[in-house]
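Residue numbers (this note's numbering): -15 to 170.
Backbone N, C-alpha and C fix where the C-beta goes; we use that ideal spot for every residue, glycine too.
Every value quoted in this text rests on a predicted model; they were computed, and no experiment measured them.
Here it is in structure tokens:
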């Protein structure tokens, strides 16, 4: 098929841009792209309760840091990944008027595992979040009833890992948070 005058041929379309554009305009459900695979976001109430407990624990500190906490889109340019974390903390100045942010613009990214996301949250996301500079990645693993905090990102992954720590044992979030996170309600 040849292009019409004034139109670009399909071969000039960047597949990464096309894929990411498509999921942002996907009707009726939120989706993310994990290593090129479009995955719908299907979250149960137990999953949401865990994320809600975390938000309550962090709320005062997030406000004091002039940040916002939510589950906005994170783009990983140059890859076939578009993540929607369960919780991310970002500076208010970056959140206002923006679309997707980069993992390196966050202060903290949190994923809560579910049956559909166990392998992704444990293997793919720590590697990719580190590669794209997310300073802190907290994995709340509901299957193993444990939390793991990844910090000090590098090109090959995080260089510091605290955990897995069983639910009920506090996990220390370093600066700028500087707080001991109670995990007993996870």
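Remark: C-beta atoms of residue 51 and residue 91 approach each other more closely than 8 angstroms. Burial check for residue 21: the Cβ neighbour count within 10 Å stays below 16, so the residue is exposed. Residue 106 sits away from residue 68, with the two beta carbons spaced by 8 angstroms or more. When the alpha-carbon of residue 49 is set against those of 31, 73, 17 and 30, the nearest one is in 73.
Taking C-beta separations shorter than 8 angstroms and ignoring five residues to either side along the sequence, the partners of residue 126 in its chain run 30, 31, 34, 96, 97, 98 and 170, following chain order. Burial check for residue 38: the Cβ neighbour count within 10 Å reaches 16 or more, so the residue is buried. For the pair residue 133 and residue 17, the Cα-to-Cα distance works out to about 23 angstroms.
Residue 4 counts as buried, since no fewer than 16 other beta carbons sit within 10 angstroms of its beta carbon.
Contiguous beta strand (DSSP E) elements confined to the region 33 to 89 occur at 51 to 54, 58 to 60, 65 to 67 and 71 to 75, taking only those with 3 or more residues.
By the Cβ test, the region 52 to 67 is not in contact with the region 131 to 149, since fewer than three Cβ pairs between them sit closer than 8 angstroms.
Ranked by Cα distance from residue 36, the options 64, 63 and 71 are led by 71. In the structure shown, residue -2 adopts coil according to DSSP, grouped into three states. A straight-line Cα-Cα distance of about 10 angstroms links residue 161 and residue 44. In the structure shown, the three-state DSSP call for residue 112 is helix. Non-local beta-carbon contacts of residue 131 in its own chain, meaning distances under 6 angstroms to residues more than five positions away in sequence, involve 124, 147, 149, 155 and 167 in chain order. If you ignore the 5 residues before and after residue 64, its C-beta comes within less than 7 angstroms of the C-beta of 0, 3, 17, 19 and 20, all in its own chain and listed in chain order. The shortest C-alpha to C-alpha distance from residue 141 to any of -2, 111, 41 and 88 is the one to 111.
Counting along the chain, the unbroken beta strand (DSSP E) around residue 144 starts and ends at 141 to 150. For the pair residue 42 and residue 94, the Cα-to-Cα distance works out to about 12 angstroms.
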